[in-house]
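Before any comments, here is the structure.
Chains as they are written, first to last, in the numbering used here: chain G, 423 to 701; chain L, 36 to 332; chain E, 375 to 728; chain B, 363 to 711.
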């Protein structure tokens, strides 16, 4: 890319006008114009109203529920995602292909289906819930339930970010560390971990962002109790159903800013990766 | 010895996690779908409302995936073959649907095309109906799956560089010729992969579609929405039966995806062999394979 | 000096591919040994087994008379330089070099001093805080080398150390590596597929083919007296001819179906300038190439096309010119043996069997 | 150049076709029902709330037969169900309903404010445009293991209550107001104590679904909670679907819930379906439909027919009324359910 990035260089390859035209008009039609409508709605409100709507105590609590559940889910997914990616790349075992193929299941399975399946599983007498009822822990309709649903949703992100990096890594660096006498643990944390860290971060960010916005699979399992188990997307829906478009738009704006922040962080991590790959 | 224990331990953890989080939900859907016997199952999936929901879902998927595929190709071409001001901004904007909650995605279309939206006067003048009808559902689905195809294509096109296209252009090939003869063969697997992912997501979208659908039975209920309807109608078994259809589609998609991935990887690998062969003699691969096999023992 | 590394009857297979087939050889302490062979000949596998990165299926590996088969790689006290250097991308040059020392839990002061000394030796001054991707190929090579010798191993292994470096720097690095290693006085084994490199750098070379050791010894000995048909064909600018009896002075010897001829075996003179007319026969100089210090000639002799050299100082030849040729020597190839055969018309010396 | 443009045309045509296809099918929806001829089949859309699914499934058949006989015209009725507030919102935003049959007068009033329904709709049909009524009862598990008899039994710690979110569910607002009415009577009009009572009640709520049907599913299918505050008809339906698993408990005080119906004038005018929409709602008051309401556990507004179902319904239950006891929906909403009103306050820690 950089090779022809200098300004003023002649464009040899045709199709600039057509492809740019289509891209820009589609992006405008599908993304920019609809997103701007949030600002249109907000422009009819005073800043104080927007601020009040976005920082109401109930809303703050919902941010907290969404952020904490997504964060925990993303952390869990990072740990297991790295382990999964590691096993898929480094080990041969029966069922590896199958496992590899099913990593994207949360992507392909409609979220509503995932929602009712997980809710059923996590009920006190469900297959998973039963195991925890004995300890007095209930999963469905609690924050644990929300986190479980978000873990499900986020599985593919870390695995699929880390996997190609591990595949590309090759055994040499590990062997080099091994020759210098490093233990397996030390090799992992000092040599392999720094390599996969940016990719894992990317996956973490994607899972985090996805979790923040997730609706379909969570509504079935979330208890929707204000201050406890009410997530932001549900709150937005609730505001809409009260015909309160302004508040909904204000909360939506905050969510979009959160997501942008995460996206920005991901892009930073990615540029770090590609910088390292150039070497 | 310790290595073996660590290996087994990790595999057990990985498989247990996958089984718990991926396997169990599937098993639950299948079990519940069939718990009242095949009769109920068949009745649920051949219900006229279920069939019309399936039709709507498929139609929506076909339209939105085609639009996104065409768009994805043009966008990837524009973003990787040319350098221009604001390219990274455009990339970021294209990624917005990825980071925006489906609920917000639905909301914004309501805010534009709904009765209270600013485009409403135009639409009512044209007697066009967007939200709470097929176009709205399609638009919401396109939004949610917007970056899927282009995101798969861009890295591949970036990695290939522009040398081949430039060479072809210098020989006087037209844009379409370059695309179909030079570029497409390189990206066909990535393209298929993107299309499959896009379809999977389009088939299953719930949140955004739920906001713009209106839930008109037999008209604007997609299959995932129909699941919710059945769930709310005390027809738990039927809900799971319809879910199992969606699940089957999902599994088929995954199988297709795996096939595409394996085929794509094979072609990629043979390209690497060629490259290696040129550099160091074809036998280097044998050593390379030896190393890999050796280290995985 | 005693053997530092000794391999006895090593076998190793990968799937169906036999990478090592009864490999035995030894390397003396302080030696610089080159494992030479075509790609896929199993030389890298041997190196990796010495290092402990692969386990032999059978056979024993001794380092300093101690059997090391069951000692893990990191505990064998070996330095290893990887073909693509395998530098840790997320560590600076300094951290890369210090890595092995940190594992040995050396004191900070010791590490600092040692790293500084190594950077002097390797000419990496001023690059300590750089990351690997900011270095040139030659610099990376030096970092990899410094990292490998930092923990003061007694044995250093290098896998194709110069393969990824461009030709000009390669020459320079070779000389530097050779001098540095002899200064350090450590035993060193390197793998290469480039015979010029092996001959130039190594004290001893070990020629491998199809998982077997064909011959080992000092480069000059291997060059002049190859022990096996493979060694004869592989080393030098060798060409195999089948009907060697058509060359004057080389009667057919039973059991030797073909022969290896090298450019330096052939003497070309202008017609009428022969020194030994009785051993001469005529040939045609079909093409003439300029090679800088000499001319290389495609020579057609007795219906066979071979390569010969011609001095730049001699009277000039033109393409297509008929010349007078004397073949001094051939390496006759038997089933498993090689014999150097002098031209019988030049003197009465008997063939020497090796 | 000519050669180049061919694939371009194909792609652009494909794009255009996709867009056209989607817009045409959008138009189709409106134009299909615009036919004025009495013989041409007509389609009307009834946007309703959660618990009426079964009722309207049955009633639509009755009405189709009636309309065929009356006007010799085939009619298709498209149903939509969901939380009452959510449904009202979708209509307000352009979900084209000819009639709405929602849980709350308030939700329909929102449509009136939005200009979709003409003022005065409350009196367009008999009995405040509420052809059937209902009330709020308790659904408990078999044999009533927690001995729940009245509202004060469900505020004690340790009872798990399931009720929908009053912010989004019409039924939930009736629940809230019924509890309020009980406590207000208990504390002889002391609002502070009444608020505390409601606070205790909602502390016991473990799942706050967005719609009444969601709560029923949570309680009935998912086995969550000790008591469900439910529409009377929803409670009966659960008994019917799962015989022997649940019991209905009638509290001492409850509320007369009047789900309202209305013609969405703007849509009906545009589509020319005013006449049939009016007939559709009017026919709800016919004896046939009133009986159907009773069979589906709604209390018929026709008192004679209500008496026929006296074995089903506890007709002695004291019922407060929204207009009489709470000053109408406008006032009740402002006092209890608006942002920062009493419902929000009881969730503030």
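Glycine residues also receive a C-beta, built at the ideal position from the N, C-alpha and C atoms.
Assignment of residue 212 of chain L by DSSP, reduced to helix, strand and coil, places it in the helix class. Interface flag for residue 76 of chain L against chain B is unset, since no Cβ pair is found closer than 8 Å.
Residue 563 of chain E sits in a strand when the DSSP states are folded into three classes. In the same chain as residue 416 of chain B, and ignoring 5 residues on each side of it, the C-beta atoms closer than 7 Å to its own belong to 599 and 658, in chain order. With distances taken between CA atoms, residue 407 of chain B lies nearest to B/643 out of B/643, B/607, B/530 and B/571.
For residue 255 of chain L, no beta strand (DSSP E) encloses it, and the DSSP letter there is neither H nor E.
Non-local C-beta neighbours of residue 296 of chain L in its own chain, meaning closer than 7 Å and more than five positions away in sequence, comprise 228, ordered along the chain. Listed in chain order, the non-local C-beta contacts of residue 281 of chain L below 8 Å within the same chain comprise 238, 239, 258, 259 and 262, local neighbours out to five positions each way being set aside. At least one C-beta of chain G is nearer than 8 Å to the C-beta of residue 288 of chain L. Its chain contains 638 as the residues whose beta carbon lies nearer than 6 Å to that of residue 534 of chain G, once the 5 sequence neighbours on both sides are disregarded; these appear in chain order. Nearest CB-CB separation between residue 573 of chain G and chain L: below the 8 Å threshold. A residue is called buried when at least 16 other Cβ atoms come within 10 angstroms of its Cβ; residue 604 of chain B does not meet this threshold and is exposed. Under DSSP, residue 662 of chain B takes part in a beta bridge, and its partners are B/494. Only residues of its own chain outside the window of five on either side were considered, and among them 511 have a CB closer than 7 Å to the CB of residue 589 of chain G, listed in chain order. At a Cβ-Cβ threshold of 8 Å, residue 539 of chain G and residue 583 of chain G do not count as neighbours.
DSSP places residue 549 of chain G in no alpha helix (DSSP H); its state is neither H nor E.
For residue 678 of chain E, the pairing in a beta bridge is given by DSSP as E/675.
Short of 6 Å from the beta carbon of residue 149 of chain L, and not among the five residues preceding or following it, lie these beta carbons of its own chain, in chain order: 166.
Chain G places no beta carbon closer than 8 Å to that of residue 502 of chain B, leaving this residue out of the contacts.
Residue 264 of chain L counts as buried, since no fewer than 16 other beta carbons sit within 10 angstroms of its beta carbon.
For residue 454 of chain B, the chain L residues whose Cβ falls inside 9 Å of its Cβ are 149, 150 and 151, in order along the chain.
At least one CB atom of chain G sits nearer than 8 Å to the CB of residue 570 of chain B.
At the C-beta level, residue 677 of chain E and residue 622 of chain E stay beyond 8 Å of one another.
Within the same chain, and ignoring the five residues on either side of residue 484 of chain B in sequence, the residues whose Cβ sits closer than 6 Å to its Cβ are 490 and 491. Our two residues, residue 242 of chain L and residue 476 of chain G, have alpha carbons roughly 22 Å apart in a direct line. The segment 126-140 of chain L makes no contact with the segment 194-208 of chain L: fewer than 3 CB pairs, one atom from each, lie closer than 8 Å. No residue range can be given for residue 70 of chain L, since it is assigned to no beta strand (DSSP E) and is classified by DSSP as neither H nor E. As the crow flies, the alpha-carbon of residue 518 of chain E is around 14 Å from that of residue 554 of chain E. Within the segment 475-494 of chain G, 479 and 480 place their CB atoms closer than 7 Å to a CB of chain B, listed in sequence order. Around residue 616 of chain G, the beta-carbon contacts reaching into chain E at under 7 Å are 464. Only residues of its own chain outside the window of five on either side were considered, and among them 606, 607, 608 and 609 have a CB closer than 7 Å to the CB of residue 504 of chain B, listed in chain order. At least one beta carbon of chain L lies nearer than 8 Å to the beta carbon of residue 577 of chain G. Under the three-state reduction of DSSP, residue 666 of chain E is assigned to coil, being neither helix nor strand. For the segment 270-282 of chain L, the residues whose beta carbon sits under 9 Å from a beta carbon of chain G are, in order, 271, 274, 275, 277, 278, 279, 281 and 282. E/671 is the residue among E/671, E/657 and E/656 whose C-alpha sits nearest the C-alpha of residue 663 of chain E.
The beta-carbon distance between residue 565 of chain E and residue 613 of chain E, rounded to whole angstroms, is 26 Å. This is too long to meet the 8 Å contact definition.
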